[in-house]
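J.: Residue 270 in full-length UniProt numbering sits at position 270 of the sequence shown; the count goes up by one each step and never skips.
From the three backbone atoms N, C-alpha and C, an ideal C-beta is built for every residue, glycine too.
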Amino acid sequence: MRACPTSCTAVKQQFSTCSRKPKDVNQMTRGNPCQLPGMLPNYDPNDSEAGMKILEDLTENVEQIQQRVLEEIITRNARTDYLKGFLDGEFDKQVFKKTVPVVNYEDIKPYIERIANGDSSNIISAEPIIELLTSSGTSGGQPKMMPSTAEDLHRKTFFYNLLVPVMNKYVDGLDEGKAMYLLFVKPETKTPSGLMARPVLTSYYKSNNFKNRPFNRFNVYTSPDETILCSDSKQSMYCQLLCGLVQRQEVLRVGAVFASAFLRAIKFLEHNWKELCSNIRTGHVSDWITDPGCRKVVSLVLNKPKPELADLIEHECNSKSWEGIIKKLWPRTKYIEVIVTGSMAQYVSTLEYYSGGLPLVSTMYASSECYFGINFKPLSKPWDVSYTLIPNMAYFEFLPVKKKNEDGAQYVQCNGVCKENCMEKETEKEDVETVELVDVKLGQYYELVVTTFTGLYRYRVGDILMVTGFHNKAPQFRFVHRRNVVLSVDTDKTSEEDLLKAVTKAKVIVESLGILLIEYTSYADTSSIPGHYVLFWEITSKGNNHLPVLDHKIMEQCCSTVEESLDSVYRRCRRKDNSIGPLEIRVVQHGTFDALMDFCVSQGSSVNQYKTPRCIKSGEAINILDSRVVARFFSQKAPFWEPV
Numbered sequence: 001m002r003a004c005p006t007s008c009t010a011v012k013q014q015f016s017t018c019s020r021k022p023k024d025v026n027q028m029t030r031g032n033p034c035q036l037p038g039m040l041p042n043y044d045p046n047d048s049e050a051g052m053k054i055l056e057d058l059t060e061n062v063e064q065i066q067q068r069v070l071e072e073i074i075t076r077n078a079r080t081d082y083l084k085g086f087l088d089g090e091f092d093k094q095v096f097k098k099t100v101p102v103v104n105y106e107d108i109k110p111y112i113e114r115i116a117n118g119d120s121s122n123i124i125s126a127e128p129i130i131e132l133l134t135s136s137g138t139s140g141g142q143p144k145m146m147p148s149t150a151e152d153l154h155r156k157t158f159f160y161n162l163l164v165p166v167m168n169k170y171v172d173g174l175d176e177g178k179a180m181y182l183l184f185v186k187p188e189t190k191t192p193s194g195l196m197a198r199p200v201l202t203s204y205y206k207s208n209n210f211k212n213r214p215f216n217r218f219n220v221y222t223s224p225d226e227t228i229l230c231s232d233s234k235q236s237m238y239c240q241l242l243c244g245l246v247q248r249q250e251v252l253r254v255g256a257v258f259a260s261a262f263l264r265a266i267k268f269l270e271h272n273w274k275e276l277c278s279n280i281r282t283g284h285v286s287d288w289i290t291d292p293g294c295r296k297v298v299s300l301v302l303n304k305p306k307p308e309l310a311d312l313i314e315h316e317c318n319s320k321s322w323e324g325i326i327k328k329l330w331p332r333t334k335y336i337e338v339i340v341t342g343s344m345a346q347y348v349s350t351l352e353y354y355s356g357g358l359p360l361v362s363t364m365y366a367s368s369e370c371y372f373g374i375n376f377k378p379l380s381k382p383w384d385v386s387y388t389l390i391p392n393m394a395y396f397e398f399l400p401v402k403k404k405n406e407d408g409a410q411y412v413q414c415n416g417v418c419k420e421n422c423m424e425k426e427t428e429k430e431d432v433e434t435v436e437l438v439d440v441k442l443g444q445y446y447e448l449v450v451t452t453f454t455g456l457y458r459y460r461v462g463d464i465l466m467v468t469g470f471h472n473k474a475p476q477f478r479f480v481h482r483r484n485v486v487l488s489v490d491t492d493k494t495s496e497e498d499l500l501k502a503v504t505k506a507k508v509i510v511e512s513l514g515i516l517l518i519e520y521t522s523y524a525d526t527s528s529i530p531g532h533y534v535l536f537w538e539i540t541s542k543g544n545n546h547l548p549v550l551d552h553k554i555m556e557q558c559c560s561t562v563e564e565s566l567d568s569v570y571r572r573c574r575r576k577d578n579s580i581g582p583l584e585i586r587v588v589q590h591g592t593f594d595a596l597m598d599f600c601v602s603q604g605s606s607v608n609q610y611k612t613p614r615c616i617k618s619g620e621a622i623n624i625l626d627s628r629v630v631a632r633f634f635s636q637k638a639p640f641w642e643p644v
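#1: Should Tyr160 and Leu183 be called a contact, given that it needs their Cβ atoms to be closer than 8 Å?
#2: Taking 7 Å as the cut-off, is the C-beta of Glu642 nearer than that to any heavy atom in the ligand ADP?
#3: Could you say which of Gly255, Gln249, Pro45 and Asp92 lies nearest to Lys328 if we only look at CA atoms?
#4: Mark Arg574 as exposed unless 16 or more other C-beta atoms lie within 10 angstroms of its C-beta, in which case mark it buried.
#5: Can you tell which of Gly293, Ser368 and Val503 has the C-alpha that lies nearest to the C-alpha of Ile228?
#6: Taking Cβ positions, are Glu60 and Lys377 nearer each other than 8 Å?
#7: Provide the residue(s) that pair with Tyr459 in DSSP beta bridges, ordered along the chain.
#8: Between Ile616, Val510, Lys576 and Thr452, which has its C-alpha nearest Ser522's C-alpha?
#9: Please state whether the Cβ-Cβ distance between Ile585 and Met555 is less than 8 Å.
#10: If Ala506 and Thr451 are in contact, beta carbons under 8 Å, what's the gap, nearest whole angstrom?
#11: Are Glu564 and Phe479 close, meaning C-beta to C-beta below 8 Å?
#12: Beta carbon of Asn46, beta carbon of Arg253: below 8 Å?
#13: Report the residue from Ile464, Trp322 and Val489 whose alpha carbon sits nearest the alpha carbon of Ser531.
#14: Which one of Leu276, Ser343 and Met196 has the shortest CA to CA distance from Val298?
#15: Suppose contacts are defined by Cβ-Cβ distances below 8 Å. Is Tyr82 in contact with Ile124 by that definition?
#16: Note down the Cα distance separating Leu517 from Gln142, rounded to an integer number of angstroms.
#17: What separation, rounded to the nearest whole angstrom, lies between the Cα atoms of Val285 and Cys243?
#18: Short of 8 Å in beta carbon distance, which residues of its chain neighbour Leu302, apart from the five on each side in sequence? Order them along the chain.
#19: With a threshold of 8 Å, are at least 3 pairs of Cβ atoms found where one atom belongs to the segment 340-351 and the other to the segment 145-155?
#20: In chain order, which alpha helix (DSSP H) runs of at least 4 residues are fully inside the segment 43-95?
#21: Output the distance between the C-alpha atoms of Gln557 and Glu49, rounded to the nearest integer angstrom.
#22: Beta carbon of Ala638, beta carbon of Leu566: below 8 Å?
#23: For chain C, is any of its Cβ atoms less than 8 Å away from the one on Gly89?
#24: If Pro643 and Pro214 are in contact, beta carbons under 8 Å, what's the gap, nearest whole angstrom?
#25: Between Gln636, Ile622 and Val587, which lies nearest to Leu550 when the distance is taken from Cα to Cα?
#26: What do you reckon, are the CB atoms on Tyr335 and Leu263 nearer than 8 Å?
#27: Kindly indicate which residue of Thr75, Thr526, Leu87 and Arg632 has the alpha-carbon position closest to the one of Ala259.
#28: Quick one: what does DSSP say Ser321 is sitting in, helix, strand or coil?
#29: What ranges does the beta strand (DSSP E) occupy inside the UniProt domain "GH3 C-terminal" (497-619), keeping only unbroken runs of at least 3 residues that lie completely in it?
#30: Do Ser367 and Asn375 have their CB atoms nearer than 8 Å?
#31: Quick one: what's got a C-beta closer than 7 Å to Arg632's C-beta in the same chain, skipping five residues either side?
#32: Could you tell me which of Ser627, Ile622 and Val601 sits nearest to Gln589, measuring between CA atoms?
#33: Give the C-beta separation of Met237 and Ala265 to the nearest angstrom, bearing in mind that I take them to be a contact with Cβ-Cβ under 8 Å.
#34: From the DSSP output, which residues share a beta bridge with Gly373?
#35: Please state whether DSSP places Val185 in a helix, a strand or coil.
#36: Please work out which residues of its chain come closer than 6 Å, Cβ to Cβ, to Gly324, disregarding the five sequence neighbours upstream and downstream, and give them in chain order.
Take a look at the structure:
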């Protein structure tokens, strides 16, 4: 990254005075000192004071920076096939907002597929697209793909570096030890064009920005890069935990990207601590660790036999209860860093059980489309977490969303899902106008729309956010939910439509035997690790109201059919990552869904407008269903999955 000239080094000056822009896109060259790298101020990440100064300047000058970002994006990309059809040679912001439509993934999917199949990046981006980032969201059962450029890796590095000074403001001494962050790469595929398609974190970990990162005394990991980059998830997990245990006295914080991944690591440790202790005691790594990079670096970390350390770890792990085990195994740990907002909130109580009272810290809000915001109060409770959007990451707009009525608010609580039946989306109107970042209102709900440097223009991310406050002039948002998502255990995101299609295929099996599916609902059971999907089915025999005799193999086949019918991300999590357990169908007695309706009505739902919720998150509602379960069945095989 290259900084602007001296006169533009301060962000405030940079965006208020460094406003030179060419009249023609051809004048924009990499040599122009006000091009993108100047919009990412360069600083030493070891200098926390400088980092906080940049954040203060960014959040103080939101409007100027947002205008500069949009100007930069339009000027660069106005002659791309996508934009020139709308702008007709114009480079004006108002023309952009008037003529370029707000779009969903299905609208841009043909352009992405053309690039994946070998067409020029110039379809959507003036900068070369170097890879496609696969999203946890899906289209047609396959992961969505987002464009990425080399320059975007610098933007992510800049963003990651800004997390450090925020944590240093609240937690002292992070440069006096190491972080046991459990990071993993996921499967990737090569598109017909030769471009790799892979998850955003896999992309970053495999980049030179990560592998050749400069030393940062605040971010020293216990996991050698070779263990992070190991494609065998089991070997990677084992080696990273082994390194973390050997260096236990140096560990000041622990974590993973998602709460679910960190809890899988704890469960893995429960199953493998004896073998890990044996490796520490003897100074030799297990023979089944065959990845050469892992063997080499882990052997260096083990160094020599450490029987006393092995005895100490064995003593803690051999306890009857693992409550507070994190603090016992890593006694200097100051906090656990994992995302616990959105669908990850369901893991908070389990994390608290293992944590020994350690704070749970969600530092950032990001997606495959773009990195968005930072939590400026990282020690806040999970339910109070808000993210401040960083204005030089993308151009942000917002589609207003409002609650239908007070009745609807109660319905949200009952269903645990905010969808069309409880939120009135003004965004469905064709003539709706977006709101700019500086114009959002406190307490209001919005759907996030982004225009990125990588070729997404006025793209609906699908996240519903609520404005909770401001840091200087930058709004702060609480993540409310994903639009249309009803079930999620890990990185999977199953919509009501996806679930309906899967259940429809499965019920054909029982209908052929004279059995009718009367009603169904679902919930994500995360009481065990890994979590799994649970479907509640109320069924009857054709011609009478008697509960039929159920064949175990037939019902297990129904479970498998549902799983096979869900999207690629679910099937990958289930088969390759082992981050989701076997799907379960719980058959309930007659009248159960009438009891569920009575409960929802008692909580404020309207009898006239009541629809059976397809996902339940209320503990009381789940108890009503569970108390009436008469039979349980699990999928007996993992669904088919392969990279595509």
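T.: This is what the structure gives:
#1: For the purposes of this step, residue 160 is taken as residue 160 along the sequence shown, with counting starting at 1. For the purposes of this step, residue 183 is taken as residue 183 along the sequence shown, with counting starting at 1. Not closer than 8 Å, so no.
#2: In terms of ligand content, the structure shown is empty, and the ligand ADP therefore cannot be addressed.
#3: The sequence position of residue 328 within the sequence shown is 328, counting from 1. Nearest option by C-alpha distance: Gln249.
#4: As a position in the sequence shown, residue 574 is number 574, starting the count at 1. With 16 or more Cβ atoms within 10 Å of its Cβ, Arg574 is classed as buried.
#5: Your numbering for residue 228 matches position 228 in the sequence shown. When only C-alpha atoms are compared, the closest one is Gly293.
#6: Translated into the one-based positions of the sequence shown, residue 60 becomes position 60. Translated into the one-based positions of the sequence shown, residue 377 becomes position 377. Not closer than 8 Å, so no.
#7: Taking the first residue of the sequence shown as 1, we reach residue 459 at position 459. Paired residue(s): Val103 and Val450.
#8: In the sequence shown, the residue the question calls residue 522 occupies position 522. Looking at the Cα atoms, Ile616 is the closest of the given residues.
#9: Position 585 of the sequence shown, counted from the start, is the residue given in the question as residue 585. Position 555 of the sequence shown, counted from the start, is the residue given in the question as residue 555. Yes, the Cβ-Cβ distance between Ile585 and Met555 is below 8 Å.
#10: Reading the sequence shown from its first residue, position 506 is the one you call residue 506. Reading the sequence shown from its first residue, position 451 is the one you call residue 451. In fact, because the Cβ distance is near 41 Å, the residues do not count as touching under 8 Å.
#11: Taking the first residue of the sequence shown as 1, we reach residue 564 at position 564. Taking the first residue of the sequence shown as 1, we reach residue 479 at position 479. Their beta carbons are not under 8 Å apart, which means Glu564 does not touch Phe479 by this criterion.
#12: As a first step, residue 46 is located in the sequence shown; it is residue number 46 there, counting from the start. As a first step, residue 253 is located in the sequence shown; it is residue number 253 there, counting from the start. Cβ atoms of Asn46 and Arg253: not closer than 8 Å.
#13: Here residue 531 refers to the residue found at position 531 when the sequence shown is read from its first residue. The sequence shown places Gly at residue 531, not Ser. Cα-wise, what sits closest to Gly531 is Val489.
#14: Taking the sequence shown and counting its residues from 1, one reaches residue 298 at position 298. Of the listed residues, the one whose Cα sits closest to Val298 is Leu276.
#15: Taking the sequence shown and counting its residues from 1, one reaches residue 82 at position 82. Taking the sequence shown and counting its residues from 1, one reaches residue 124 at position 124. A distance below 8 Å separates the beta carbons of Tyr82 and Ile124.
#16: By one-based count along the sequence shown, residue 517 stands at place 517. By one-based count along the sequence shown, residue 142 stands at place 142. Those two C-alpha atoms are separated by around 28 Å.
#17: By one-based count along the sequence shown, residue 285 stands at place 285. By one-based count along the sequence shown, residue 243 stands at place 243. Approximately 11 Å between the Cα atoms of the pair.
#18: Within the sequence shown, numbered from 1, the residue matching residue 302 stands at position 302. So the qualifying residues of the chain are Leu242, Val246, Asn279, Ile280, Gly283, His284 and Val285.
#19: no
#20: 48-60, 62-77 and 81-87
#21: As a working note, residue 557 is residue 557 in the sequence shown. As a working note, residue 49 is residue 49 in the sequence shown. Gln557 and Glu49: Cα-Cα distance of roughly 60 Å.
#22: Indexing the sequence shown from 1 puts residue 638 at position 638. Indexing the sequence shown from 1 puts residue 566 at position 566. Cβ distance not < 8 Å, so Ala638 and Leu566 don't count as in contact.
#23: The structure shown contains no chain C; it is built from a single protein chain.
#24: Numbered from its first residue, the sequence shown carries residue 643 at position 643. Numbered from its first residue, the sequence shown carries residue 214 at position 214. Not really, about 33 Å apart at Cβ, beyond 8 Å.
#25: Position 550 of the sequence shown, counted from the first residue, corresponds to residue 550. The residue with the shortest Cα to Cα distance from Leu550 is Val587.
#26: Along the sequence shown, read from residue 1 onward, the residue named residue 335 stands at position 335. Along the sequence shown, read from residue 1 onward, the residue named residue 263 stands at position 263. No.
#27: Along the sequence shown, one-based indexing puts residue 259 at 259. The residue with the shortest Cα to Cα distance from Ala259 is Thr526.
#28: Looking up residue 321 in the sequence shown gives position 321. Correct three-state label for Ser321: coil.
#29: 515-525, 532-541 and 584-588
#30: Counting from one through the sequence shown, the residue named residue 367 turns up at place 367. Counting from one through the sequence shown, the residue named residue 375 turns up at place 375. Taking 8 Å as the Cβ cut-off, Ser367 and Asn375 do not qualify as a contacting pair.
#31: The residue labelled residue 632 in the question sits at position 632 within the sequence shown. Cβ within range, chain order: Glu584 and Arg586.
#32: As a working note, residue 589 is residue 589 in the sequence shown. Residue Ser627 is the option with its Cα nearest to Gln589.
#33: Start at 1 with the first residue of the sequence shown, and residue 237 comes out as number 237. Start at 1 with the first residue of the sequence shown, and residue 265 comes out as number 265. About 6 Å; that satisfies the 8 Å criterion.
#34: On the sequence shown, position 373 is the one that residue 373 refers to. In DSSP, Gly373 forms a bridge with Tyr365 and Leu389.
#35: Taking the first residue of the sequence shown as 1, we reach residue 185 at position 185. Three-state DSSP puts Val185 in coil, outside helix and strand.
#36: Here the question's residue 324 lines up with position 324 in the sequence shown. Closer than 6 Å at the Cβ level, and outside the excluded window around Gly324, lie Gly356.
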